[in-house]
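So for the sequence shown, UniProt numbering puts the first residue at 1; every next one is plus one. We treat Cβ as the ideally placed atom computed from N, Cα and C, and that holds for glycine. Treat the numbers as computed from the prediction; the structure is a model and nothing was measured. Okay, structure first, notes after.
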Amino acid sequence: MPAKVKIYALSTCIHCKKAKEYLESNNVEYDCTYVDMLAGEERQQAVDEVKKHNPALSFPTMLVGGKVLVGFNKEELQAALGA
Numbered sequence: 001m002p003a004k005v006k007i008y009a010l011s012t013c014i015h016c017k018k019a020k021e022y023l024e025s026n027n028v029e030y031d032c033t034y035v036d037m038l039a040g041e042e043r044q045q046a047v048d049e050v051k052k053h054n055p056a057l058s059f060p061t062m063l064v065g066g067k068v069l070v071g072f073n074k075e076e077l078q079a080a081l082g083a
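Rendered as structure tokens:
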């Protein structure tokens, strides 16, 4: 079973876009939350969730299986996916 992938991203972030493009080009299913597109309590909950895994609150923050990846590094992402 492939690793579950969750991305916390910003809609204007080029690194977030590159991460999503990589996943899509490799047919990896993922769930993406654009934190900057949320409002109010929903946004605060997303920020709090990102901070649990990445206190610096930088993007993208990706949860791949049990691993946390911050930023887009193709080799790290491939390793986390088991590719």
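Contacts around residue i, its chain only, beta-carbon distance under 6 Å, and the 5 residues preceding and following it disregarded
{"i": "A19", "result": "P60 and F72"}
{"i": "T33", "result": "Y8 and A46"}
{"i": "N54", "result": "T61 and V70"}
Bridge-paired residues (DSSP) for residue i
{"i": "D31", "result": "K6"}
{"i": "K67", "result": "V64"}
Cβ neighbour criterion (16 or more within 10 Å) applied to residue i
{"i": "M62", "result": "buried"}
{"i": "A79", "result": "exposed"}
Residue j beta carbon less than 7 Å from that of residue i
{"i": "V70", "j": "V5", "result": "no"}
{"i": "Y30", "j": "L23", "result": "yes"}
{"i": "D48", "j": "L10", "result": "no"}
{"i": "V68", "j": "L57", "result": "no"}
{"i": "A3", "j": "L81", "result": "yes"}
Residues near residue i in its chain [Cβ-Cβ closer than 8 Å; skip 5 each side]
{"i": "E75", "result": "none"}
Cβ shell of residue i (< 7 Å), same chain only, five flanking positions each side left out
{"i": "R43", "result": "V35"}
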